[in-house]
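Take a look at the structure below.
Residue numbers (our numbering): 184 to 361.
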């Protein structure tokens, strides 16, 4: 309230701001929005794992294409078994593609890839404990591979057969458990 000294009248001024009830209502609304939005933000870890597994698949696909190109340059893309030099590593090839596990004179797919330590890999189709290596025709890259109930991985299966009955490789992604 202000008094005007020249005219002697009282002039009322209003204060600006929020009442307590308005502030409480805004806080309640923000709390409700936070509860609704929280699951979206919590799910980011799952989205990150899925994106990483998809990135690993892309890296494997690129490596397979490059390895096949190298085998074609060397003229061994149709051979049942061969060796190529891939970035200074000797890689065992089968029908133009790397073996899942190099058993003899060279390495396999894991030796071709440079994947960070946050991604595990294991050979075979079952549990990774203990890690089966010798004679394995497939390899998995992903998360929590020692638990068969968690499906968050990329699986590479090397080509099978010989001659006219030969098949190409298989590359599958399972993200149902990420």
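All C-beta atoms, glycine included, are put in the ideal place defined by N, C-alpha and C. Remember, predicted model here, so these are calculated numbers, not experimental data.
Annotation: the segment 191-264 contains the following complete segments of the alpha helix (DSSP H) (minimum length 4 residues), in chain order: 203-225, 227-257.
When the five nearest sequence neighbours on each side are left out, no beta carbon in the same chain lies closer than 7 Å to the beta carbon of residue 262. For residue 354, the enclosing beta strand (DSSP E) has its first and last residue at 353-357. Within its own chain, the residues whose Cβ lies closer than 8 Å to the Cβ of residue 270, once the five positions on either side in sequence are excluded, are 295, listed in chain order. Taking residue 233 as reference, the option from 352, 325, 293 with the minimal CA-CA separation is 325. Rounded to the nearest whole angstrom, the CA to CA distance from residue 339 to residue 283 is 7 Å. Leaving aside the five residues that flank residue 242 on each side, the residues in its chain whose CB is nearer than 8 Å to its CB run, in chain order, 296, 298. Judged by DSSP in its simplified three-state form, residue 342 adopts coil rather than helix or strand.
Residue 325: member of the beta strand (DSSP E) spanning 321-325, first to last residue. Only buried fits residue 291, as 16 or more other CB atoms lie within 10 angstroms of its CB.
Contact between residue 335 and residue 302 does not hold, since the beta-carbon distance rounds to 10 Å and is not under 8 Å.
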